[in-house]
Amino acid sequence: MAEVSRVAETSRSPALGHLRTYGQIAWLWIRAAWQYPLSFVLLAIGNGLITGLDFVGLWIMFAHLDDLAGFTLPEVALLYGAGSLALGIADTAIGSVERIGTYVRTGRLDQMMTKPVPLLVQVCADQFTLRRLGRITQATIVFGWACTYVEWTPLRALVAVSMVLSGAVIFFGLFVGFSCIQFWTTDATEFANAFTYGGATVTQYPLSIFTREVVVALTLVVPVAFANWYPVLFILGREDPFGMPSWLQFASPVAALVTLVLALLVWRTGVRHYTSTGS
Amino acid sequence: MLYVAIATRAFRRYSTYRAATIAGIFTNSVFGVIYSYAYLALWDENPTAGGYDATDAVTYVWLGQALLMTIALWGGGTTDDLAERIRTGDVAIDLYRPVGLVGWYLASDLGRAAYHFLTRGIGPTVIGLVVFDIRLPAGPAAAAGFAVSLVLAVVVSFTIRFLVASSAFWLLDQSGVKVMSGAFAIFFSGMMLPLVLFPGWLGTLANALPWASYIQVPADIWLGKHTGGDLLAALGFQVFWIVVLLGCCHAVLRAATRKVVVQGG
Chain P
9 MAEVSRVAET SRSPALGHLR TYGQIAWLWI RAAWQYPLSF VLLAIGNGLI
59 TGLDFVGLWI MFAHLDDLAG FTLPEVALLY GAGSLALGIA DTAIGSVERI
109 GTYVRTGRLD QMMTKPVPLL VQVCADQFTL RRLGRITQAT IVFGWACTYV
159 EWTPLRALVA VSMVLSGAVI FFGLFVGFSC IQFWTTDATE FANAFTYGGA
209 TVTQYPLSIF TREVVVALTL VVPVAFANWY PVLFILGRED PFGMPSWLQF
259 ASPVAALVTL VLALLVWRTG VRHYTSTGS
Chain W
1412 MLYVAIATRA FRRYSTYRAA TIAGIFTNSV FGVIYSYAYL ALWDENPTAG
1462 GYDATDAVTY VWLGQALLMT IALWGGGTTD DLAERIRTGD VAIDLYRPVG
1512 LVGWYLASDL GRAAYHFLTR GIGPTVIGLV VFDIRLPAGP AAAAGFAVSL
1562 VLAVVVSFTI RFLVASSAFW LLDQSGVKVM SGAFAIFFSG MMLPLVLFPG
1612 WLGTLANALP WASYIQVPAD IWLGKHTGGD LLAALGFQVF WIVVLLGCCH
1662 AVLRAATRKV VVQGG
């Protein structure tokens, strides 16, 4: 602990220091997990299998279809791959944030608060696991395959990179923000799943399967449309089926920033509202 | 009578988490809406895919959401308690009891399933009925068949979960096996996509595996796809897997008991 705090103090920028601390804690957990290599490999394979079968499901759908709501298999694969990749990156980074309810119950959160590292950094790095590499690998393969069907231009490539990074930040924000429900109730945590995993599931399909109202909600309320839908429309050079303004196709980084700031605000409110269970 | 008492207590135990139940119904319904739109898009493009029409497909979605917790698709249920007791060694006490381990946990899992059916089963079904106008059972025979099939589905799912939990006798920890088993269950039960859409040999395989009895068989009975002798054959398929898998449970338990004795408990 002493070493961790020293690093945090000596770093020139606090944000960089937090990142280093995060890296150090994460490295501890990686080394711990590697003590059981077989378990580690099995869980990684299992995770890859779950997401892999997900895509097999989409593929089977296309055995009965030429296109799904106007989108061909490679186009849907581009949407699916981008969404899944972003989710995988975010999922690896957020670590245990979904379990803060447990930390509240067991008093572990109190322990963390006494340490000279921001709470969010500790919670995210706690029980850091690389087993989610299964999802990232699978998503990268699907995304890479879909990319071979795209007519690339430098601007499209730039939008693609910004899409994956923004998407990861958006999912990170959603998971952190909705996990904060657990500061108020430890019983109804499944509400959060409707927005986090529900949002992730939505990104597997072209949003043209929904009605305009749903798409507006996925733009403004749970902004997963920015994680893949709008940028993919640009990359594929397609008209927006709902006639949404075309600047939205470049707005993903802004949406990501807004999501992140809101999530951090919710987190701060949650932590301030938190009272120890006293255990 | 003892088994009824065990089941009643399991029912009560699960019914203490009211807020969690409501949150769960909400989440099931959100997923129901998402999948309904996806299936409507599919059947809009191909109106007879898999021999279903669009209403069949949407009904199937909501039945899937309703059965998700009842059959404990992701694993868990009372067999998680068993896995934990194996890990801690408390199972040695369970093995001394004058009640069979399989029967004990099966009764308690049926109690759990009854609670989840009445809440997280009926909840999403009502919402699907109101929002998407899903189909009701095709007739009295279909309704009765569905009820029987649902109980059989829970038992099939229980036997597989029991086997997964029993892996802890050898591995100490069921989590790796549980993740794998859950992945197969989601894919081969028809939760991810109705098995009627699976092409060629994959369809034949999926419809022969025990997971088909989780969702595909009860849903097809509800939709009136199985009538008369066909209905009995569908129920017979579930019974067949129950007999086979219960046999496996007892065999595994015998092997495990020897192992526990060898280790001295």
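Which chain is which? The protein sequence lines are P and W, in order.
Final position of the first sequence in the working numbering is 287; the numbers increase by one with none missing.
Final position of the second sequence in the working numbering is 1676; the numbers increase by one with none missing.
Ideal Cβ placement from N, Cα and C applies to all residues, glycine included.
- Residue pairing from DSSP places LEU76/P in a beta bridge opposite PHE79/P.
- Counting only Cβ-Cβ distances below 8 Å, MET252/P has no contacts in chain W at all, with the closest Cβ about 18 Å away.
- Below 8 Å, enough C-beta pairs join the region 232-246 of chain P and the region 80-98 of chain P to call them touching: three or more.
- Residues ALA133 of the same chain have their beta carbon placed closer than 6 Å to that of ILE33/P, with the five preceding and five following residues left out of the count.
- Any Cβ of chain W closer than 8 Å to the Cβ of ILE178/P would place that residue at the interface, and such an atom is absent.
- Taking a contact as a CB-CB distance under 8 Å, the pair VAL184/P and LEU93/P does not count as one, their CB atoms being some 19 Å apart.
- The DSSP-derived three-state label of ASN236/P is coil.
- Cβ-Cβ distances below 6 Å link LEU95/P to PHE179, ALA208 in the same chain, with the five nearest sequence neighbours on each side left out; the list follows chain order.
- Only residues of its own chain outside the window of five on either side were considered, and among them PHE1422, TYR1425, SER1426 have a CB closer than 6 Å to the CB of TYR1526/W, listed in chain order.
- With a threshold of 16 other beta carbon atoms within 10 Å, MET1480/W meets it and is buried.
- When the alpha-carbon of GLY1658/W is set against those of ILE1571/W, ALA1494/W, ILE1436/W, the nearest one is in ILE1571/W.
- With contacts defined by Cβ atoms closer than 8 Å, ALA1449/W and TYR213/P form a contacting pair.
- For the region 188-201 of chain P, the set of residues with a beta-carbon nearer than 8 Å to any beta-carbon of chain W comprises THR193, ASP195, ALA196, THR197, GLU198, PHE199, ASN201, in chain order.
- A direct Cα-to-Cα measurement between ASP1464/W and LEU1606/W gives close to 15 Å.
- The three-state secondary structure of VAL230/P, taken from DSSP, is coil.
- For the pair PHE186/P and PHE203/P, the Cα-to-Cα distance works out to about 8 Å.
- When C-alpha distances from GLY1640/W are compared across ILE1538/W, ALA1553/W, TRP1454/W, ALA1416/W, the shortest belongs to ALA1553/W.
- By the neighbour-count definition (other C-beta atoms within 10 Å, threshold 16), ARG280/P is an exposed residue.
- Counting along the chain, LYS1589/W sits inside the alpha helix (DSSP H) bounded by residues 1586-1599.
- Distance from the CA atom of ARG140/P to the CA atom of TYR205/P, rounded to whole angstroms, is 15 Å.
- No residue range can be given for HIS1637/W, since it is assigned to no alpha helix (DSSP H) and is classified by DSSP as neither H nor E.
- Put simply, the backbone Cα of TRP1622/W is about 43 Å away from that of TYR282/P.
- Chain order gives no chain P residues near GLY1475/W, where near means a beta carbon separation below 9 Å; the closest approach is about 13 Å.
- Three or more Cβ pairs closer than 8 Å define a contact, and the region 1510-1521 of chain W falls short of that threshold against the region 1585-1592 of chain W.
- The C-beta of TYR1428/W comes closer than 8 Å to at least one C-beta of chain P.
- Per the C-alpha coordinates, the member of LEU1646/W, LYS1636/W, ILE1653/W positioned closest to GLY1462/W is LYS1636/W.
- Taking 8 Å as the threshold, the shortest C-beta distance from PRO1610/W to chain P falls below it.
- For the pair LEU270/P and GLY181/P, the Cα-to-Cα distance works out to about 8 Å.
- Using beta-carbon distances, LEU1453/W counts as an interface residue toward chain P, with a partner under 8 Å.
- Using beta-carbon distances, VAL224/P does not count as an interface residue toward chain W, since no partner is under 8 Å.
- The beta carbon of TRP1485/W lies closer than 6 Å to those of GLY1593 in the same chain, with the five residues before and after it left out.
- Among the CB atoms of chain W, none fall inside 8 Å of the CB of GLY91/P.
- In the three-state reduction of the DSSP assignment, LEU1620/W falls in the coil class, being assigned neither a helical nor a strand state.
- Between the alpha carbons of VAL210/P and LYS1670/W lies a distance of about 47 Å.
- If you ignore the 5 residues before and after ALA1564/W, its C-beta comes within less than 6 Å of the C-beta of ILE1482, SER1624, TYR1625, PRO1629, all in its own chain and listed in chain order.
- For ILE1538/W, same chain residues with a beta-carbon under 6 Å away, outside a window of 5 residues either side, are SER1440 in chain order.
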